[in-house]
Every structure is written in C-alpha cells, then in structure tokens.
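Undergrad:
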Amino acid sequence: MKRVSFAEFGGPGVLELVDAEEPHAGAGQVRVAVRAAGVNPVDWRIREGQFQRVHPIELPAGVGQDASGVVDEVGEGVDGVEVGDRVFGAGSSTYAEFAVLSAWARMPEGLTFEEAAGYPSVVETALRIIGEVGVASGQTLLASGASGGVGSAVLQIARDRGITVIGTAGAANQDYLRSLGALATTYGEGWVERVRRLGRVDAALDLAGSGVIGELVELTGDPGRVVSIADLGAPELRVRFSGVAGSMPGALAQAADLISRGRLHIPVERSYTLAEAAAAHVDSQAGHARGRRVVIV
Ligand SMILES: NC(=O)c1ccc[n+]([C@@H]2O[C@H](COP(=O)([O-])OP(=O)(O)OC[C@H]3O[C@@H](n4cnc5c(N)ncnc54)[C@H](OP(=O)(O)O)[C@@H]3O)[C@@H](O)[C@H]2O)c1
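This note's numbering applies: residue 3 is where the sequence shown begins, and numbers increase by one.
(1) If you count every other CB in all the chains shown that lies within 10 Å of the CB of Pro237, and 16 or more means buried, which is it?
(2) Taking the alpha helix (DSSP H) that Gly302 belongs to, which residues open and close that run?
(3) Only counting the same chain, and skipping five residues up and downstream in sequence, which positions put a Cβ closer than 7 Å to that of Asp68?
(4) Relative to the C-alpha of Glu10, which residue among Arg33, Arg263, Arg37, Trp46 is closest?
(5) Within the same chain, show all residues whose beta-carbon is closer than 7 Å to that of Ala280, passing over the 5 residues directly before and after it, in chain order.
(6) Taking Cβ positions, are Val6 and Gly71 nearer each other than 8 Å?
(7) Start and end of the alpha helix (DSSP H) containing Gly133?
(8) Give the DSSP bridge partners of Val34, in chain order.
(9) Between the Cα of Asp87 and the Cα atoms of Met109, Val80, Glu134, Gly147, which residue gives the shortest distance?
(10) Among Leu157, Val246, Ser212, which residue has its Cα nearest to the Cα of Ala145?
(11) Could you tell me whether the Cβ atoms of Glu278 and Arg294 are closer together than 8 Å?
(12) Give the DSSP-derived three-state secondary structure of Arg196 in the structure shown.
(13) Whole alpha helix (DSSP H) runs in the region 236-280 with 4 or more residues, listed along the chain?
(14) Looking at ligand 1, does it come within less than 7 Å of Arg242, judged from the CB to the closest heavy atom?
(15) Confirm the yes/no value for this check: CB of Val246, any heavy atom of ligand 1, distance under 7 Å.
(16) Does DSSP classify Glu18 as helix, strand or coil?
(17) From Glu117, Gly216, Arg198, Ile59, pick the residue whose C-alpha is nearest to that of Gly151; which is it?
(18) Any heavy atom of ligand 1 within a distance shorter than 7 Å of the CB on Ala257?
(19) Could you pull the start and end residues of the alpha helix (DSSP H) that Ile298 belongs to?
(20) From which residue to which residue does the alpha helix (DSSP H) around Phe115 run?
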C-alpha cells in the first residue's frame with residue numbers, strides 16, 4: 003500500500019510517498035481503508051522531532067493521527083463495529099491507504115469522509131479544555147486564536163452549552179467567528195482593550211501559543227481560570243498546560259451527537275492528495291487556518 007513517511011526529522015521536504023507493509027488491527031483496534039486523513043499541527047511537530055524527548059518515535063515513521071474510512075478488519079475483543087462500517091477516529095500513520103485506529107465512532111448521516119477526517123483530535127481537545135477551564139452556562143469564555151481547528155470546535159461546543167464566547171483571530175476571520183456565534187475581535191496591538199469592551203471574561207483558553215498568557219490571567223483575574231494547549235511556558239504563570247488525555251472514545255461519540263443535531267460543523271479549508279502531504283504541512287505550519295485541512299486518499 004501507499005503511505006506518507008519520513009526517514010529523518012526535518013522540514014516538509016522529508017515527507018515521501020512510499021510503498022509500505024499494510025498494518026493490521028491488533029486487540030482493541032480496527033483497520034480502515036482510509037478515505038481521508040485530518041492534518042493537525044501535531045503531525046508536523048512530530049515530523050520536526052519536537053516530541054522526541056517526551057514521546058520518542060523510531061524512523062522511518064508514518065504521519066497522521068486522524069482518519070475517516072471504511073472498516074475492513076476488526077481486532078480481537080472489539081464489539082459494536084463491523085467490516086463495511088463508515089467510521090471516523092484516531093490512530094497512527096493515517097496519511098495512508100490503510101490505517102489502524104484505536105478509537106472510533108460511526109460517522110453521522112450526511113457527513114462526507116472529507117469532512118469527517120477533520121473532527122477527531124480537534125473535538126477531543128476542545129471538549130477536554132472546556133472541561134478543564136471549568137466554564138459554565140451563562141459565563142463568558144475568551145478563546146485566543148479561535149478560527150483554527152480547535153477554535154472552531156470550542157466556539158460551537160461552548161455555544162451549545164449556553165456559554166458566551168469572545169474569540170480573537172486575524173482580520174480575515176472576524177465574520178467566520180461571528181458565523182459560529184462568537185463575539186469577535188482581532189489579535190495584535192490593543193487587543194486586551196478590545197476584548198474588555200466586548201464584556202467581562204470568566205475563563206480563557208490560549209489556542210495559539212502567541213505569548214498572551216499574562217494578558218489572559220489579567221483578563222480573568224485568576225491563573226486557575228486559564229488553560230493553554232500551545233504555550234509550554236504557561237505553568238511559569240501558574241496556568242495549566244493541557245496535553246494529551248485518553249478521552250478520545252467519549253469525545254467521538256459526543257462529536258457524532260453534536261454533528262447529528264446540527265450543532266457542530268468544522269469546515270474543510272482545503273484538501274490535498276497523499277502526494278501533496280508536504281504542501282498540506284507547509285500550509286498548516288503557516289498557522290492561519292479556517293477550520294481543518296485534510297488529505298484525501
Ligand atoms: N496540547 C494539546 O492537547 C493540543 C491539541 C491540539 C492542538 N494543539 C496545539 O494548539 C494550537 C492550535 O491548534 P489548531 O489545530 O487549532 O491550529 P490551526 O488550525 O492552525 O489554527 C491556528 C489559529 O491560531 C490563530 N493565530 C495565528 N496567529 C495568532 C496570534 N498571533 N494570536 C492569536 N491567534 C493567532 C489563527 O488565526 P488566523 O488564521 O485568523 O490568523 C488560527 O485561528 C497548535 O499549536 C497545536 O499544535 C495542542
């Protein structure tokens with residue numbers, strides 16, 4: 003089968019489309035014939051070797067953790083899913099013709115494979131951090147860097163829970179944030195005052211790692227009401243850095259429910275072929291997404 007792989011850490015140019023052995027579903031896993039793979043910033047961070055100290059991988063390695071596809075192998079001990087089911091979920095080496103998933107859910111009716119591949123990691127992250135920051139219905143949540151994959155999910159999940167959201171993004175994404183039900187303003191010079199004019203902030207999420215932890219603490223008045231997913235320096239200001247958690251299966255079920263009820267839609271900004279994986283990484287690394295990018299297999 004074909005898969006995107008890299009044999010050394012480095013820039014997007016290290017990605018190659020190669021012939022590889024097909025993976026097989028182990029206990030508790032399923033294998034899918036991949037129809038689309040989500041492109042997440044973690045994919046290029048791993049390709050650059052950023053996680054080697056904490057989560058070392060061996061080379062050559064495949065790329066990608068999110069996928070949608072059709073189940074074609076069911077591992078030992080797995081119930082409730084059959085060969086031929088259309089699923090979306092998370093696993094490893096998903097930029098490939100076949101991939102093994104360790105968490106999955108049935109795709110909601112009406113969702114395309116292309117769209118479905120964009121949900122798993124961003125929805126798991128959004129649900130996790132909304133829970134960790136402890137914001138409740140009737141309160142206001144500030145999301146710094148709100149137009150990307152995670153931000154798009156945070157805005158809509160918060161709206162579904164009766165939480166008011168103020169989002170920051172670039173000038174080109176202001177109407178996009180408003181279309182997702184948020185109050186919007188731009189980041190950059192004077193942004194703290196612009197946020198204050200939009201309302202009181204009860205809790206805040208740093209989704210862009212743009213060096214604003216101090217300002218988010220100032221706006222909420224409490225480091226315990228701020229969570230970052232992108233600034234490893236956050237704990238120095240007593241702010242929680244939220245990393246990977248094991249909540250993917252539950253998150254996928256919640257995503258399917260929200261999508262079915264028309265409460266969550268993450269647009270696909272652009273699709274790429276497997277051979278264009280390096281271009282997908284270049285675009286993701288530029289850091290200005292609207293929704294999610296996907297690789298079509
Ligand atoms: N720790 C975890 O569990 C976890 C999980 C998922 C993701 N992450 C990390 O979280 C970050 C966001 O992920 P993502 O998938 O949402 O990324 P993404 O889709 O690439 O979105 C990036 C967002 O950042 C905004 N942005 C760019 N420069 C900014 C600035 N100076 N100030 C404020 N916002 C700015 C962009 O807005 P414009 O396009 O409007 O400029 C865009 O909304 C990445 O660094 C990723 O690695 C961490």
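For each residue, glycine too, the CB sits at the ideal point set by N, CA and C.
TA: Concretely, from the data shown:
(1) exposed
(2) For residue 302 there is no data in the structure shown, the boundaries of the chain being 3 and 299.
(3) If we look at Asp68 and ignore the five residues flanking it on each side, its Cβ neighbours are Ala39, Gly40, Asn42, Ala92, Thr96, Ala119, Pro122, Ser123.
(4) Trp46
(5) Pro14, Gly15, Leu17
(6) no
(7) Per DSSP, Gly133 belongs to the alpha helix (DSSP H) from 122-135.
(8) The beta-bridge partner set that DSSP reports for Val34 consists of Val73, Ala101.
(9) Nearest in C-alpha terms to Asp87, of all of Met109, Val80, Glu134, Gly147, is Met109.
(10) Leu157
(11) no
(12) helix
(13) DSSP runs (the alpha helix (DSSP H)) wholly in the region 236-280: 250-262.
(14) no
(15) True, at least one ligand heavy atom lies under 7 Å from that Cβ.
(16) strand
(17) Taking only the C-alpha atoms, the option nearest Gly151 is Glu117.
(18) no
(19) Here Ile298 belongs to no alpha helix (DSSP H); instead the beta strand (DSSP E) covers 294-298.
(20) 115-118
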